[in-house]
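Undergrad: Got a structure for you, written out below as structure tokens; questions coming shortly.
Protein chains: 4
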Amino acid sequence: MSLTPEQAAEIAAQRDARAETRRAISPGLEARLYDVIPVLDHGFVRAIDYMGDDEAIVQAARVSYGRGTKAARNDEGLIRYLMRHWHSTPFEMCEIKLHVKLPIFIARQWIRHRTANVNEYSARYSILDKEYYIPAAEHLAAQSDTNRQGRGDVLTGDEAQHVLDLLRGDAERTYSHYEEMLSEDGKAGLSRELARMNLTLNTYTQWYWKTDLHNLFHFLRLRADAHAQYEIRVYADAICDLTKAWVPMAYGAFEDYRLGAVTLSGPALDAVRRMIAGEQVTQETSGLSAGEWREVMAQMAL
Amino acid sequence: MSLTPEQAAEIAAQRDARAETRRAISPGLEARLYDVIPVLDHGFVRAIDYMGDDEAIVQAARVSYGRGTKAARNDEGLIRYLMRHWHSTPFEMCEIKLHVKLPIFIARQWIRHRTANVNEYSARYSILDKEYYIPAAEHLAAQSDTNRQGRGDVLTGDEAQHVLDLLRGDAERTYSHYEEMLSEDGKAGLSRELARMNLTLNTYTQWYWKTDLHNLFHFLRLRADAHAQYEIRVYADAICDLTKAWVPMAYGAFEDYRLGAVTLSGPALDAVRRMIAGEQVTQETSGLSAGEWREVMAQMAL
Amino acid sequence: MSLTPEQAAEIAAQRDARAETRRAISPGLEARLYDVIPVLDHGFVRAIDYMGDDEAIVQAARVSYGRGTKAARNDEGLIRYLMRHWHSTPFEMCEIKLHVKLPIFIARQWIRHRTANVNEYSARYSILDKEYYIPAAEHLAAQSDTNRQGRGDVLTGDEAQHVLDLLRGDAERTYSHYEEMLSEDGKAGLSRELARMNLTLNTYTQWYWKTDLHNLFHFLRLRADAHAQYEIRVYADAICDLTKAWVPMAYGAFEDYRLGAVTLSGPALDAVRRMIAGEQVTQETSGLSAGEWREVMAQMAL
Amino acid sequence: MSLTPEQAAEIAAQRDARAETRRAISPGLEARLYDVIPVLDHGFVRAIDYMGDDEAIVQAARVSYGRGTKAARNDEGLIRYLMRHWHSTPFEMCEIKLHVKLPIFIARQWIRHRTANVNEYSARYSILDKEYYIPAAEHLAAQSDTNRQGRGDVLTGDEAQHVLDLLRGDAERTYSHYEEMLSEDGKAGLSRELARMNLTLNTYTQWYWKTDLHNLFHFLRLRADAHAQYEIRVYADAICDLTKAWVPMAYGAFEDYRLGAVTLSGPALDAVRRMIAGEQVTQETSGLSAGEWREVMAQMAL
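Protein chains in written order, with my numbering: chain H, 2 to 303; chain D, 2 to 303; chain L, 2 to 303; chain X, 2 to 303.
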């Protein structure tokens, strides 16, 4: 990830500027605002703005007139209760805005989360920079033998080198042809909205992405999960860090009741109950399909 | 609208507290944050929090690294261009959170705007206060003769007095029965989630309501319109004031391109073109239905 | 629930009409289309239209050219896999449209589910019928002692009778005053949009409500739950029946993986693992709060 | 656009199958159901399913308006009234499901319309076909001189040929490397979720896309517009045809009040009023910026 000196200066200027506000602030996120968190080889995540803090969740749940909450149940207890019982609307009262730079094939996964606001850099209007994603050696995974949408072992030796050569060579060539088609040196120059089609899917794009905390947690639950593609998981991990700094209580509840949680189907619950009662349950006697049995055993680490 | 001393103190405490932030601030809205703006006889609107300012719209449209934008086209010009061309996503990058107290029958209109986050005071969990809306004399309108969902002249004299007596008497009686049913003096007391059904639709409720600027403008265009019911229009008007203080450039563009704008259908446009060319066009020669002709003439003030 | 003869005739005519279609059909739901399913004392649910069937879920998941699916994993297995792994988009490819008549205080709970399309009967434009909800004796529940938003025992004897008298008396009186205010016998007559505010919250309204299967399941999971208010749960139960007739495979998966499922937090999962290993775990040794421990024990029926 | 014999047979089988239904049907769309409408060089649109017809709009609107359905104003008049007055919810009561094959860079524009359901062919799970978009000679447009996101003249001669050679050569090469990286002939084979990043943005993808009529009209207004990129406009045009066959009355209203309509800002309206009054208005005397003046003159064809 490399910034131009101008970009670095603009970011530094934003970080230096301070103003007084009457609004709720999150000291944890203030400290990290505008900072560039590198992700993958050229990508990043930056928190640009936020609304609300842990207390704002409590305030909304109570439809309060002020900040004070002298109720018996403390703020953290209430937040955990809300999370546990899927009372999602108080979490929607917090909002975050991120600036993200990411490869296009990852942007296509990300955008499937529809309850968010997005402004993407326009390749109809502007020319994309020459930046493309090449996996690090340790992430150059082979196709999984068992999971059609998963990864297996890491490629090595000549095969790895060959793959890297192909990826790099094609990205270089398609980008240089993109530039060539756009060029107007004595020619008309292809329109930007057409020329972009020659770029490969690992080309980086960037956007402003804004969402509320409830929908952010939903995104993180799916994308910070072990089954998510590595290249989106690293973004989710970086956002998990920011979210923990922003709303530590809500994030703690999210970790316990979502990230670290397991959902047992009715039939799986029966099997677990029998195990607790001391019975030796096998897939055959569980009534579960082989696939579900395997998943339940794995999730429960049994 | 009356606050308890505790509520007034909580609000004052919130207004007095200041903190330093790195975020974009809107001086206009900071000055009005948390303040109670009375609406109708017991309702109010208060701005609780916000994200972004006019510049944030420009930043998002440009997917900027920083704040500074010294481009040829200035910020206001760009904001007006975006509004005129229905580029709605940059406006979604600003967000506002309001605390609103309003009669239930108005809350039912309001909630039809789905792209918003809402936390309403729960009458399953808590007991509603004894506050209900009674129209002021000058708003006690008769049914319109010409518009099935509109208002005609204002009721006067005995009829007006009788209506006010009925509204007030019924609200008093149903509320006192609500209290009586809930009461546990030597009795079990009806559950809150059932007792509430005895209240009339002019009972006040309250909620936290949060939405982005694009959807707020959509709400305001429909609800600050002359055809909206008076009792929701006064809320929309109060929010228009807050919005103007918050994002003056965007609000100006909204006034010109939405609030004060007129949409001409293809056939209406033809008629207007003929008028500009000097032709004397009538409904009969316009090709428009009588209803649409009337609407176009009224909208264009011709 | 009572229909006018005209309404009954219109429904019968709709049920009798048949046409040929190339679309996917659900024989189970065809048999019940337009039928009035009574709910509460005057309410109902009717299925008005639908799109898709179980096979349509599979087709969308596979982005198929046709209907045939000769893959190893059969349709039901795939549907169950999709449900278990929260692949929600294929379920969004089915859609249902319902006509519902329901008390206003329940409509207010219902509308909080935002991802749906709604057309409600307008009391600005039309006059509401004189129909209001009065709980049956066995549902006249007292306030719960332990759960602030729950019900306790059923009221009995004089207290029950008194409550019923109050509810009925107030609904009768407020409705007759509503009629009186609207009346134009020698008077101007209050506008409809104002007069409606005098009605009590148990007055019936009605709407067309349309949603996709994924969001319908979300609604049903929350509203067919034992913690939902009885008066909305009966609607959810009726819709569960219709959904089972419509998409039996998807509904079966929903029963196993949502309705009958239990989510264990990370800490609760630890406790369960220790129980399976034969340890005697108590709340104190579990690390869970008293509240969460009670909930986990209840959910798992331990 | 080429189908495999299996795909063609599956489509034919679907078109041949008929069943009886009690639901509303649209004869116009039934006739075109499942049919492949070719778009661009390898893309297509197919209508897979629908819910509702023109009458369904009226039915939904009248739940909110009242009981009587033999009112003076006929169905078409009501539909036009609803469209003119932005009563959008009745149009949401119709739904359509399409199967679309389209280049990835167009899919990225399309997906920005968030109020829709989408199932896309997964390149994590499956291997994409070797199909990529190459513009026809008459659409090989140069960059516009005046509009940064527009097209100018068509490229010709050697420059055109060179661009086509580059586009075709790069797509061929990147696809063949994609295949090579996936291949397991004596090698591990790169995982699909990684290999796909080597493809160019003109590679075709496909999805099932489902939306309601209100949101479809919004999509069509923006994408069938003269300012939309040609490559998405041809899809919008094909869908316009299908929509006209499906709901002819609603589509007619959409043409008059949306597609063919012009929105005048407050200041532009003033200028038009002065023109109608016979005044000779110029940009300077209009009070409009040069840009807006040009747009207004163009829109009104003055």
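Just so you know, even glycine gets a beta-carbon here, dropped at the ideal spot from N, CA and C.
Can you tell which of L/A142, L/C95, L/S290 has the C-alpha that lies nearest to the C-alpha of L/Y1?
TA: Examination of residue 1 of chain L is not possible in this model, given that chain L is present from 2 through 303 alone.
Undergrad: Once the 5 residues before and after D/A73 are set aside, which same chain residues still bring their CB inside 7 Å of it?
TA: In the second sequence, counting from the first residue as 1, residue 73 of chain D sits at position 72. Per-residue confidence for D/A73 stands at a pLDDT of 44, beneath the threshold of 50, marking its modelled position as unreliable; the derived number appears in the next sentence. Hits under 7 Å: none found.
Undergrad: Assuming X/L270 and D/M301 form a contact by the criterion Cβ under 8 Å, report the distance between their Cβ atoms to the nearest whole angstrom.
TA: As a first step, residue 270 of chain X must be located in the fourth sequence, where it is residue number 269. As a first step, residue 301 of chain D must be located in the second sequence, where it is residue number 300. That pair is a contact at about 7 Å.
Undergrad: When you compare only the Cα positions, how much space is there between D/T90 and D/G190?
TA: Against the second sequence, residue 90 of chain D aligns to sequence position 89. Against the second sequence, residue 190 of chain D aligns to sequence position 189. Their Cα atoms are separated by approximately 51 Å.
Undergrad: So is L/S28 in contact with chain H if we call contact Cβ pairs under 8 Å?
TA: In the third sequence, the residue the question calls residue 28 of chain L occupies position 27. As written in the sequence, residue 28 of chain L is Pro, which differs from the Ser given in the question. Not an interface residue.
Undergrad: Please report how far the alpha carbon of L/G67 lies from the alpha carbon of L/L83, in whole angstroms.
TA: As a position in the third sequence, residue 67 of chain L is number 66, starting the count at 1. As a position in the third sequence, residue 83 of chain L is number 82, starting the count at 1. In a straight line, the C-alpha of L/G67 is about 20 Å away from that of L/L83.
Undergrad: Residues in its own chain within less than 8 Å of L/A229 by CB, not counting five upstream and five downstream?
TA: Here residue 229 of chain L refers to the residue found at position 228 of the third sequence. Counting only Cβ-Cβ distances below 8 Å, and skipping sequence neighbours, we find L223, A237.
Undergrad: Just the chain X side, please: which residues come within less than 7 Å of H/F106 by C-beta, in chain order?
TA: Position 105 of the first sequence, counted from the start, is the residue given in the question as residue 106 of chain H. Result: R197, M198.
Undergrad: Check the Cβ of L/P91 against every Cβ in chain X and list those closer than 8 Å, keeping chain order.
TA: Within the third sequence, residue 91 of chain L is the residue found at index 90, counting from 1. Correct list: N120.
Undergrad: Per the contact definition of three or more C-beta pairs closer than 8 Å, is the region 277-285 of chain L in contact with the region 23-41 of chain L?
TA: Taking 8 Å as the limit for Cβ pairs, the verdict is that the region 277-285 of chain L does not touch the region 23-41 of chain L.
Undergrad: On a CA-only basis, which of X/R295, X/L303, X/A251, X/R274 is nearest X/W87? Give me that one, please.
TA: Residue mapping note: residue 87 of chain X aligns to position 86 of the fourth sequence, counting from 1. Checked all of X/R295, X/L303, X/A251, X/R274; the closest Cα to X/W87 is X/A251.
Undergrad: Quick one: what's X/W208 bridged to in DSSP?
TA: If you number the fourth sequence from 1, residue 208 of chain X lands on position 207. Answer is X/V101, X/E121.
Undergrad: From L/F106, L/L221, L/R125, pick the residue whose C-alpha is nearest to that of L/Y133; which is it?
TA: On the third sequence, position 132 is the one that residue 133 of chain L refers to. Out of L/F106, L/L221, L/R125, L/F106 has the C-alpha closest to the C-alpha of L/Y133.
Undergrad: Span of the alpha helix (DSSP H) holding D/R234?
TA: For the purposes of this step, residue 234 of chain D is taken as the residue at position 233 of the second sequence. First-last of the alpha helix (DSSP H) with D/R234: 231-247.
Undergrad: Helix, strand or coil for D/V64 per DSSP?
TA: Within the second sequence, numbered from 1, the residue matching residue 64 of chain D stands at position 63. Of the three classes helix, strand and coil, the one that applies to D/V64 here is coil, per DSSP.
Undergrad: Measuring only the C-alpha atoms, how far is H/H215 from L/R174?
TA: On the first sequence, residue 215 of chain H is found 214 positions in, with the first residue counted as 1. On the third sequence, residue 174 of chain L is found 173 positions in, with the first residue counted as 1. So the two alpha carbons sit approximately 44 Å from each other.
Undergrad: Taking only beta carbons into account, state which residues of the region 284-296 of chain D come closer than 8 Å to chain X, listed in chain order.
TA: Correct list: S290, G292, E293, E296.
Undergrad: Less than 7 Å between the CB of L/I26 and some heavy atom of the ligand GDP, yes or no?
TA: As presented, the structure is devoid of all ligands, the ligand GDP included, so that no description of it is given.
Undergrad: Considering only the beta carbon of each residue, do X/M94 and L/Y205 sit closer than 8 Å?
TA: As a first step, residue 94 of chain X is located in the fourth sequence; it is residue number 93 there, counting from the start. As a first step, residue 205 of chain L is located in the third sequence; it is residue number 204 there, counting from the start. No; because the gap between Cβ atoms is not below 8 Å, this pair is not in contact.
Undergrad: Taking the beta strand (DSSP E) that L/A20 belongs to, which residues open and close that run?
TA: Looking up residue 20 of chain L in the third sequence gives position 19. Element bounds for L/A20: 20-22.
Undergrad: Would you please verify whether the beta carbon of L/M298 is less than 8 Å from any beta carbon of chain H?
TA: Here the question's residue 298 of chain L lines up with position 297 in the third sequence. Chain H contact via Cβ: absent.
Undergrad: Find out if the Cβ-Cβ distance for the pair D/A262, X/S266 is shorter than 8 Å.
TA: As a first step, residue 262 of chain D is located in the second sequence; it is residue number 261 there, counting from the start. As a first step, residue 266 of chain X is located in the fourth sequence; it is residue number 265 there, counting from the start. Yes, these two residues count as a Cβ contact at 8 Å.
Undergrad: Start and end of the alpha helix (DSSP H) containing X/M276?
TA: Translated into positions along the fourth sequence, residue 276 of chain X becomes position 275. Run containing X/M276: 267-277, per the alpha helix (DSSP H) assignment.
Undergrad: Going straight from the alpha carbon of H/A62 to that of D/V37, what length do you get?
TA: In the first sequence, the residue the question calls residue 62 of chain H occupies position 61. In the second sequence, the residue the question calls residue 37 of chain D occupies position 36. Approximately 20 Å, taken between the alpha carbons.
Undergrad: Between the C-alpha atoms of X/G69 and L/A14, what's the straight-line distance to the nearest angstrom?
TA: Position 68 of the fourth sequence, counting from 1, holds the residue named residue 69 of chain X. Position 13 of the third sequence, counting from 1, holds the residue named residue 14 of chain L. Low confidence applies to X/G69: its pLDDT is 39, below 50, so where it sits in the model is not reliable, and the reading given next is rough at best. Taking the straight line from one Cα to the other gives about 16 Å.
Undergrad: Determine, for H/Y205, whether the minimum Cβ-Cβ distance to residues of chain D falls below 8 Å.
TA: If you number the first sequence from 1, residue 205 of chain H lands on position 204. Cβ-Cβ to chain D under 8 Å: no for H/Y205.
Undergrad: Tell me the DSSP bridge mates of D/A143?
TA: Within the second sequence, the letter at position 142 stands for residue 143 of chain D. Its beta-bridge partners are L/L191.
Undergrad: Which residues in chain L sit within 8 Å of D/D123, going by Cβ to Cβ distance?
TA: Mapped onto the second sequence, residue 123 of chain D falls at position 122. For the record, residue 123 of chain D in the displayed sequence is Ser; it is not Asp. Those within 8 Å of D/S123 in chain L are Q150.
Undergrad: Using a Cβ distance threshold of 8 Å, determine whether the region 154-170 of chain L contacts the region 241-249 of chain L, with at least three qualifying pairs required.
TA: No, because fewer than three Cβ pairs between the region 154-170 of chain L and the region 241-249 of chain L fall closer than 8 Å, the two stretches do not touch.
Undergrad: Quick test of your reading: L/V40 and L/A239, contact by CB under 8 Å. State the CB separation rounded to the nearest angstrom.
TA: Within the third sequence, residue 40 of chain L is the residue found at index 39, counting from 1. Within the third sequence, residue 239 of chain L is the residue found at index 238, counting from 1. Right, their Cβ atoms sit about 5 Å apart.
Undergrad: Answer with yes or no whether the minimum CB distance from L/L34 to chain X is below 8 Å.
TA: Counting from one through the third sequence, the residue named residue 34 of chain L turns up at place 33. Yes - at least one Cβ of chain X is within 8 Å of the one on L/L34.
Undergrad: Nearest chain H C-beta to D/T175 closer than 8 Å, yes or no?
TA: The sequence position of residue 175 of chain D within the second sequence is 174, counting from 1. Judged by the 8 Å Cβ criterion, D/T175 is not in contact with chain H.
Undergrad: Taking Cβ positions, are X/L129 and X/L183 nearer each other than 8 Å?
TA: Here residue 129 of chain X corresponds to residue number 128 of the fourth sequence, with the count starting at 1. Here residue 183 of chain X corresponds to residue number 182 of the fourth sequence, with the count starting at 1. No, these two residues do not count as a Cβ contact at 8 Å.
Undergrad: Hey, D/L289 and D/A272: beta-carbon distance below 8 Å or not?
TA: As a working mapping, residue 289 of chain D is identified with position 288 in the second sequence. As a working mapping, residue 272 of chain D is identified with position 271 in the second sequence. Yes, the pair counts as a contact, with Cβ atoms nearer than the cut-off.
Undergrad: Give me the chain X residues within the contact set of H/P136, using Cβ-Cβ distance strictly less than 7 Å, ordered along the chain.
TA: Within the first sequence, residue 136 of chain H is the residue found at index 135, counting from 1. Neighbours of H/P136 on chain X, chain order: L195.
Undergrad: Applying the 10 Å Cβ sphere with the 16-neighbour rule, what's the burial state of L/A104?
TA: By 1-based counting over the third sequence, the position of residue 104 of chain L is 103. This sequence places Pro at residue 104 of chain L; Ala is not what is there. So L/P104 ends up on the buried side.
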